[in-house]
Structure formats: C-alpha cells, structure tokens
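In the numbering used here, the protein residues as written are 2 to 256. Don't be surprised by glycine CBs; every beta carbon is placed ideally from N, CA and C.
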Amino acid sequence: MKKKPIILVTNDDGIRAEGIKALAAGIAHLGKVIIVAPENEQSATSHAITLDRPLRIKKYSDDRYGVSGTPADCLLMAVQGILGEKPDIVVSGINHGPNLGEDVMYSGTVAAAIEGYLMGISSIAFSITSWDPVSFDAASLISSRLTSKMLEGMNENVLLWNVNIPAIPMNEIGGLRVARLGSRVYNDAVIKQTDPRGKECYWIGGGEPGWKKEKDSDFCAITEGYVSLTPLMVDMTDRKRMSDLDKWDLDLSPK
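Pasting the structure below:
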C-alpha cells in the first residue's frame, strides 16, 4: 500500500484563522495533514526567527499544534521537533489578503514556504485577495488542485510557488496564469500619535498601495480575474551587475 504523503500546513495569520482551516480541509484527501502554525497573528514578520526567548508548543490534537513564534519558527519546530522528519510538501496559507509583487519580501506566509524550500522541501504559499473574505470555498478548491499538481510533478525537483487567488466565486475565475512578480506603488507613512499616558507613539502604515500596470505581472492576472502562480527562487544575486562591476575600480589591495 502506497504511503500517504505528509503535508505540513502553516500560515502567518495564526492557528485559529479561517484561511488555514479552509486550506487544511481542502487538502485533507491528499495525504496526512499536520498543522503547525503560530499561536498568534504574525503577519508581515517576513523570515524572522526567534532567538531571544524559548519557544513553546501547544498541542491541540495529534495533527494540530500552535507555536509561540513566527511562521519560520513553525517550520523549524515542525521538522526538527514535532515531526522529526521532513514532510513531503509544505503548504502555507490561505493568507487573508494578497501577497503580490514586493509583498513576498514582507509576508510571513511566503517566508514559511521559503523556509520549507531552504530545507529541500517543495512548498507553496496561498493567498486570497481580500483581508476579510466572505468565503474561502474557491480558494480552498484551487489550493487543493494546485497542491495535488505539485505532489504529482515535483519528482526530484524542489519547487517554490507563490499563488494568489481572486476573492470571487469559482465560476467567475477566468483560469490560471503563470506570472512574474509585479511592482507595487506604496504610500508608506509614519503616523505620530499620543497614547493615553501622554507619551508619543507611532504607527507604520499608509494608504492602500497601488501597482504598476505591467501586462505579465501577478497584479494584472488578479485584476483580470485569474489565479496567479509565480515560481520563486531564493538566489537574489544580480548576475548582470556582477559583470558590470568588473568595469569598476574596486581594487582594495594596498598601494
């Protein structure tokens, strides 16, 4: 009898979020699903790991664990502690809100998938393009189909996908587009306030970001009603600039 694949599920919205519940339910038929997710909200924590305090694990059941840390912490705790072995695949999400363009640099949901990839595990990050979705039905179904596709096609290759799903009914989704990361136009601001004790405090945030209109981008796919799938890589080396730097006088040897 063929062994069921072990599917590690995590997120950055926390173990009680509706998105992770919908994801786990949608992929339950594909293998043995183990949830290891943050106890509390960890949005925009990127790839942070906790080094200044011990982490704690809360066991809810044999297949559901909360961790007092970040999404990247959850991957480390799952693989090196709870599971004691690598899962066959890591599935992160379903994130409440999009992770498009430069969002992937800030997202804890995407960072969890990247951590899996760094461990040599094929990984997917799923996001729905609404911070307060009315329904996860379409996103759950699409997540199931794409997780199945990755399980079928990964072979010896380690894959890393970032998937964004429009927050619309399944019958209104136009299909899937493989798209590159787009470019956001941020309206960042630091807002100064005074707390009830008269002390200065600050909020980081601004207006809703826009995006550059680039036809082959994930932004374009989403706005036209398509699921966007972006294959990611971790190597951030700018090889063209490496060649350009050969022309610079960068000799630091003693004169």
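Secondary structure in the stretch 189 to 228: the beta strand (DSSP E) runs of 3 residues or longer, each lying completely within the stretch, are 191 to 195, 201 to 205 and 208 to 212 in chain order. A straight line joining the alpha-carbon of residue 176 with that of residue 138 spans about 16 Å. Inclusion of residue 128 and residue 98 in the CB contact set at 8 Å is warranted, their separation being smaller than that value. When the alpha-carbon of residue 13 is set against those of 235, 92 and 5, the nearest one is in 92.
A check of alpha carbon separations from residue 33 across 57, 90, 211 and 19 identifies 90 as the nearest. Per DSSP, residue 93 is not a residue of any alpha helix (DSSP H); the beta strand (DSSP E) it occupies stretches across 90 to 97. Shown here, residue 159 sits in coil according to DSSP, grouped into three states, outside any helix or strand. Check the Cα spacing between residue 36 and each of 29, 64, 53 and 56: the tightest is with 64. Rounded to whole angstroms, the Cβ separation of residue 70 and residue 59 is 12 Å, and the two are not in contact under 8 Å. Taken through DSSP and simplified to helix, strand or coil, residue 68 comes out as strand. DSSP places residue 139 within a helical segment (H, G or I) once states are collapsed to three. Residue burial annotation: residue 109 is buried, with at least 16 other C-beta atoms found within 10 angstroms of its C-beta. Residue environment for residue 75: buried (at least 16 other C-beta atoms within 10 angstroms of its C-beta). The alpha-carbon separation between residue 162 and residue 52 amounts to approximately 28 Å.
Excluding its 5 nearest sequence neighbours in each direction, residue 83 has C-beta neighbours in its own chain below 8 Å: 35, 37, 58 and 66, listed in chain order. In this chain, the beta strand (DSSP E) harbouring residue 11 covers 7 to 11.
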